[in-house]
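Here the structure is laid out as structure tokens; the discussion comes afterwards.
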């Protein structure tokens, strides 16, 4: 597990020959940050890191030069003026002589891929080459996720202490994001849903008020110093209903099973199955809408994904969200989520926040 | 200018034949929202709208079914289970019989483009076909941007009233985002930089404190009910320096010139030149780091971009940010930004917030 941008560039360089590549072009914000220490503001502009034997370069618009120059990585900086170039001529110059170019096929857009192909390059999907490095986190990265979870845990305490019947869902989410950003989050994604709204695991917070008896499904994610934490805890406004108690108990059992299954050598689909067997056995409580979780690090969602069709094998140093849930459109949703390191001897939880069904106003 | 998702689908359908396309596959979140009324949470999952003669379909993961089903558009809904499908088999089924597929080439990723090509489809860049519709805003969309600007304007008043020497940059940004989200923003991007930090127009807010004499360059953007507003105003902590006064006066002159140039028939590069001639004539004050602005609507950055190399012609109904700036690494940065509709008779400002160099603590 290489540590720091420059050793990661060297590690990627050393994978090129085996992968049959002359160069890798990394274009995802997170991959660029991994290899250079620079976080860009990508929008429509081209950013990339080219790694070739004996040399790497960060290509970025000159608008970002201050952050580009301040980044810790030792690689060459190539700045282009976005008003007169789209960055590709500068890219081609750095690729000169290379033929087979590994690209992040799930990120590079079709227009840029065509421009590369028309310029004579042969593109090879290489997301897995980049992710082979990124997926195994070093000790510093593990601490990054752990610190993000500690911030989120502190925000849960503030949330539970202040949340009461009548609170407006969108206000509560805005406030949680504010608390995270006050703590230094670079990005924050609170997703706290009330009552039946929580049955829509991807619903957007709106103007509804918290009512007595509602479940509160509080999914909070935030990125600190580059690394994401992503957790979910649940509460009820007043005493929980029988449904909420039963759903929580089933989800907790599924959570325990999936955490236990998160060990080196297991497959992604096995971890998914460990929780799915449990939550899927209770159609009277609700439905299963998603898999067991996803890898997390510099991105909130990274491969591998813990889903039924994934043969990926878990390796030491990977970090996954484990987040079983059960959803019922008449009642709401219950989900429990933690971030779990695949340690040499099995799962290592990256937070110690209590998992209990919190009862608000009691 | 078609209004509402269904008439936009019909309008796109009517462009297919002239464009030599059997179908269009729209994959950007904003294009999907434009054609269906649905806003997704895309991450790694496939979402798309297929428009074919006589029928359109929204393809999305079943995880999002509640929002998919609640969307106003009348097009067919196709849900796939993300654990067992990547959505492409469902896409191919809807494309059945089509050959030439227009795609958003600046969004569709290389992996999906390859899968389409390997399945026998011919891909044709069609961002311009989709944007031909999206770029000309109807009255409701114009009101959407105007309302977003009104929210931002209200947040400026709260910002100026509360900002004082000693305030921490990252806290001020977190608080502005909070104020925007409390007002109902779906997304918010405050970018308020102090003193010399403002010379880095893309710098990230950090732990520095506002010092007496600092300029404050406050770029605030937010999305309300789908539509973005994006504005920049400037202030100084205490009486402005000679540099700040001179820089403001030059930028204000450039702003006026670029706003005046924002009329039907002008080219994007002409609008850029109108401001660049002015800010570019003062190297003793600072540098020019970016173009005059960009189109705005369902996305914060939309084409066309007001940059030196753009031959795009302005059409009635387009909305642009006009945002000249000047940057000096020893002093900071001054930028003024408003959102401007290309009206039949010329520019129409979508906010009436004062442009003056605000003096804080006076």
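Protein chains in written order, with our numbering: chain A, 13 to 374; chain B, 13 to 374.
For glycine and all other residues, C-beta sits at the position ideal for the given N, C-alpha and C.
Beta-carbon gap between residue i and residue j smaller than 8 angstroms
{"i": "residue 200 (chain B)", "j": "residue 229 (chain B)", "result": "no"}
{"i": "residue 68 (chain B)", "j": "residue 115 (chain B)", "result": "no"}
{"i": "residue 184 (chain B)", "j": "residue 175 (chain B)", "result": "yes"}
{"i": "residue 331 (chain A)", "j": "residue 149 (chain A)", "result": "yes"}
{"i": "residue 324 (chain A)", "j": "residue 316 (chain A)", "result": "yes"}
{"i": "residue 50 (chain A)", "j": "residue 160 (chain A)", "result": "no"}
{"i": "residue 207 (chain B)", "j": "residue 223 (chain B)", "result": "yes"}
{"i": "residue 328 (chain B)", "j": "residue 356 (chain B)", "result": "yes"}
{"i": "residue 248 (chain B)", "j": "residue 259 (chain B)", "result": "no"}
{"i": "residue 90 (chain A)", "j": "residue 373 (chain A)", "result": "no"}
{"i": "residue 304 (chain A)", "j": "residue 334 (chain A)", "result": "yes"}
{"i": "residue 198 (chain A)", "j": "residue 202 (chain B)", "result": "no"}
{"i": "residue 280 (chain B)", "j": "residue 269 (chain B)", "result": "no"}
{"i": "residue 319 (chain B)", "j": "residue 95 (chain A)", "result": "yes"}
{"i": "residue 167 (chain A)", "j": "residue 351 (chain A)", "result": "no"}
{"i": "residue 252 (chain B)", "j": "residue 371 (chain B)", "result": "yes"}
{"i": "residue 152 (chain B)", "j": "residue 15 (chain B)", "result": "yes"}
{"i": "residue 169 (chain B)", "j": "residue 205 (chain B)", "result": "no"}
{"i": "residue 375 (chain A)", "j": "residue 306 (chain A)", "result": "Residue coverage of chain A in this structure runs from 13 to 374, which leaves residue 375 (chain A) outside it and unanswerable."}
{"i": "residue 293 (chain A)", "j": "residue 282 (chain A)", "result": "no"}
{"i": "residue 19 (chain A)", "j": "residue 125 (chain B)", "result": "no"}
Nearest-angstrom beta carbon gap, residue j and residue i [assumed within contact, 8 angstroms]
{"i": "residue 23 (chain A)", "j": "residue 145 (chain A)", "result": "6 angstroms"}
{"i": "residue 267 (chain A)", "j": "residue 361 (chain A)", "result": "Not really, about 11 angstroms apart at Cβ, beyond 8 angstroms."}
{"i": "residue 233 (chain A)", "j": "residue 242 (chain A)", "result": "4 angstroms"}
{"i": "residue 110 (chain B)", "j": "residue 35 (chain B)", "result": "4 angstroms"}
{"i": "residue 301 (chain B)", "j": "residue 70 (chain A)", "result": "With 8 angstroms as the limit, residue 301 (chain B) and residue 70 (chain A) do not qualify as a contact, their Cβ atoms being about 18 angstroms apart."}
{"i": "residue 137 (chain A)", "j": "residue 117 (chain A)", "result": "4 angstroms"}
{"i": "residue 326 (chain B)", "j": "residue 275 (chain B)", "result": "7 angstroms"}
{"i": "residue 338 (chain B)", "j": "residue 297 (chain B)", "result": "6 angstroms"}
{"i": "residue 271 (chain B)", "j": "residue 359 (chain B)", "result": "5 angstroms"}
{"i": "residue 63 (chain A)", "j": "residue 25 (chain A)", "result": "6 angstroms"}
{"i": "residue 92 (chain B)", "j": "residue 73 (chain B)", "result": "6 angstroms"}
{"i": "residue 83 (chain A)", "j": "residue 238 (chain A)", "result": "So it is not a contact: roughly 12 angstroms between Cβ atoms."}
Residues that DSSP places opposite residue i in a beta bridge
{"i": "residue 88 (chain B)", "result": "B:69"}
{"i": "residue 78 (chain B)", "result": "DSSP lists no partner for residue 78 (chain B)."}
{"i": "residue 240 (chain B)", "result": "B:235"}
{"i": "residue 319 (chain B)", "result": "Partner(s): none; residue 319 (chain B) has no beta bridge."}
{"i": "residue 137 (chain A)", "result": "A:115"}
{"i": "residue 202 (chain A)", "result": "A:232"}
{"i": "residue 332 (chain B)", "result": "B:307, B:352"}
{"i": "residue 344 (chain B)", "result": "B:340"}
{"i": "residue 63 (chain A)", "result": "A:36, A:68"}
{"i": "residue 221 (chain B)", "result": "B:180"}
{"i": "residue 245 (chain B)", "result": "B:230"}
{"i": "residue 299 (chain A)", "result": "A:339"}
{"i": "residue 314 (chain A)", "result": "A:307"}
Residue i versus residue j - alpha carbon distance
{"i": "residue 163 (chain B)", "j": "residue 194 (chain A)", "result": "22 angstroms"}
{"i": "residue 37 (chain B)", "j": "residue 60 (chain B)", "result": "6 angstroms"}
{"i": "residue 310 (chain A)", "j": "residue 43 (chain A)", "result": "8 angstroms"}
{"i": "residue 231 (chain B)", "j": "residue 190 (chain B)", "result": "15 angstroms"}
{"i": "residue 254 (chain A)", "j": "residue 367 (chain A)", "result": "18 angstroms"}
{"i": "residue 47 (chain B)", "j": "residue 79 (chain B)", "result": "15 angstroms"}
{"i": "residue 240 (chain B)", "j": "residue 147 (chain B)", "result": "14 angstroms"}
{"i": "residue 246 (chain B)", "j": "residue 291 (chain B)", "result": "16 angstroms"}
{"i": "residue 121 (chain A)", "j": "residue 134 (chain A)", "result": "15 angstroms"}
{"i": "residue 165 (chain B)", "j": "residue 363 (chain B)", "result": "8 angstroms"}
{"i": "residue 58 (chain B)", "j": "residue 112 (chain B)", "result": "20 angstroms"}
{"i": "residue 265 (chain A)", "j": "residue 107 (chain B)", "result": "43 angstroms"}
{"i": "residue 85 (chain B)", "j": "residue 221 (chain A)", "result": "27 angstroms"}
{"i": "residue 52 (chain A)", "j": "residue 139 (chain B)", "result": "24 angstroms"}
{"i": "residue 214 (chain A)", "j": "residue 172 (chain A)", "result": "22 angstroms"}
Opening and closing residue of the alpha helix (DSSP H) in which residue i lies
{"i": "residue 156 (chain A)", "result": "151-174"}
{"i": "residue 185 (chain A)", "result": "181-194"}
{"i": "residue 257 (chain A)", "result": "254-273"}
{"i": "residue 125 (chain A)", "result": "122-130"}
{"i": "residue 281 (chain B)", "result": "280-291"}
{"i": "residue 46 (chain A)", "result": "41-48"}
{"i": "residue 17 (chain A)", "result": "17-31"}
{"i": "residue 102 (chain A)", "result": "100-107"}
Beta strand (DSSP E) segment containing residue i, residue limits
{"i": "residue 387 (chain A)", "result": "This structure cannot speak to residue 387 (chain A), because chain A is shown only from 13 to 374."}
{"i": "residue 370 (chain B)", "result": "370-372"}
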